[in-house]
Amino acid sequence: MKIPTACPHCGHRFQTEYHDSGMHDLRCPECDGRYALFIRKQRFETLFDLGTRALMDGYAREAVVNFAAAMERCLEFYLKAAQLEHAAQQGHDLEDAVRALDGTWKLLVTQSERQLGAFAATYLAREGRAPDFLTPQGLGADFRNRVIHRGYLPQEQEVQAYAAKLFALMNRLLDDLGDAALQGTLLQEREYAALLDALPDDVTAVFEEHPGMFRTPRVQSGTPPPAPAPSPAAHHAAPRPPAPLNDAAAFQAALRERGTLVSELFGGKTGR
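Residue numbering for the sequence shown follows this note's numbering, starting at 365 and increasing by one per position.
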C-alpha cells in the first residue's frame, strides 16, 4: 500500500510504499533530499484502517482479512500493555520487562490458540472478570473462517456488521486499558529511538501521526508514560463494569467522521 508524504526539505508531496516497521528511509524525487519518516501508529490501527478503505472501495473479502488481522493484533497490544503496566507496578526495570515479554511472546507468535489463552489469563488478572467476548460468536469466527478459509464471498452488509462488532470490541479493550495503553505505544517508541540513533547526522527525521478509525493514546519520544496506578488486586477493588459491545452505531459514526481521512491516507492522489 502507498501513503502520502511531504519532503521536509522542499515540501514536494509524493507517495511511498508503506514499510512494515513504520520507519521509511526516503529520498525526495524532486530535490534528492534524504529523510526518515516515522509513522506513529499501532499495527492493529493500520490494519483496521486498511480494512475500512477496502470496504469503502467495495472490496468486501479483502476488508474481512484486514479486520480479522487487526483484531488479533489488538489482543496482542492489550496483552503487552497490561504486562508492562504490571511490571511497572512491581517496580521492575523496563528493559528487563521488555526482554522477558519479548522472550515469552516468541513462544506464542506462531500459535494463535496460545495467544488467546495468554490474553485471557492477562485480561482476567487485570480486569477481574472473564473475557466473555472470547467466543466464536463474540469474535465473529465462523464468518471470518468462511471468508478466509472457505472462499465465501461476503455481502457488504455482512462485512459492515463484522467490522462493527470488532470495532466495538477493540474500543472496549482500549477503554479498559486507559492510560496503560501508553505502555503499549512505548514499545514502538523504543524501536523508533533505536532506529533514530542509527541514522546518519545528515538525515532529517520526521514523525507523523496519521488519522484513523481509532484514537490510541501515544507516548512521545523521550517522554515516559505516566506511573501506573496500583493494581486493583492490591486494594481488593470490585471489577469494573464492561463497556458495551456490538454497537453498530459507533462504527458508523466513526466511519462518517474519519472515513474520508482514511480513504485519502491510503491511496489518495498527492502527486507522483
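No residue lacks a Cβ here, since even glycine has one placed at the ideal position from N, Cα and C.
Query: Does the stretch 509-525 come close enough to the stretch 473-483 that 3 or more CB-CB pairs lie under 8 Å?; Result: no
Query: Do three or more CB pairs link the stretch 558-571 to the stretch 613-621 at distances below 8 Å?; Result: no
Query: Relative to the C-alpha of residue 366, which residue among 375, 383 and 485 is closest?; Result: 383
Query: When you compare only the Cα positions, how much space is there between residue 440 and residue 397?; Result: 37 Å
Query: Let's test the definition: count the other Cβ atoms within 10 Å of the Cβ of residue 434 and tell me whether it reaches 16, buried, or not, exposed.; Result: buried
Query: Which of the three DSSP states is assigned to residue 597 in this structure?; Result: Its pLDDT being 44, under 50, residue 597 is placed unreliably in this model, and the value from its coordinates should be taken loosely. Three-state result, residue 597: helix.
Query: Can the beta-carbon of residue 524 be found less than 9 Å from the beta-carbon of residue 419?; Result: yes
Query: In this structure, what does DSSP give as the bridge partners for residue 333?; Result: Because residue 333 is not part of the residues shown, which for the chain are 365 to 636, the question remains open.
Query: Residue 417: which of 449, 430, 562 and 406 sits nearest, CA to CA?; Result: 430
Query: Would you mind reading off the limits of the alpha helix (DSSP H) that contains residue 450?; Result: 424-453
Query: Would you mind sorting residue 499 into buried or exposed? The rule is 16 or more other CB atoms within 10 Å of its CB.; Result: exposed
Query: Please go through the same chain and pick out, in chain order, the residues whose beta-carbon is closer than 7 Å to the beta-carbon of residue 414, but skip the five residues on each side of it.; Result: 365, 430 and 630
Query: Among 527, 623 and 544, which has the Cα closest to the Cα of residue 425?; Result: 527
Query: Evaluate the contact criterion for the stretch 504-511 versus the stretch 372-392: three or more CB pairs, one atom per stretch, below 8 Å.; Result: no
Query: Look at the alpha carbon of residue 529 and the alpha carbon of residue 409, and state the distance between them as a whole number of angstroms.; Result: 15 Å
Query: With burial defined as no fewer than 16 other Cβ atoms inside 10 Å of the residue's Cβ, what is the status of residue 549: buried or exposed?; Result: buried
Query: Helix, strand or coil: how does DSSP classify residue 471 here?; Result: coil
Query: Residue 545 and residue 581: beta carbons closer than 9 Å?; Result: yes
Query: Starting from residue 626 and walking both ways along the alpha helix (DSSP H), at which residues does that stretch end?; Result: 612-629
Query: Between residue 451 and residue 473, what straight-line distance do the alpha-carbon atoms span, to the nearest angstrom?; Result: 21 Å
Query: Closest by CA to residue 489, which one among 446, 553, 561 and 576?; Result: 446
Query: By the DSSP assignment, the alpha helix (DSSP H) with residue 556 in it spans what residues?; Result: 545-561
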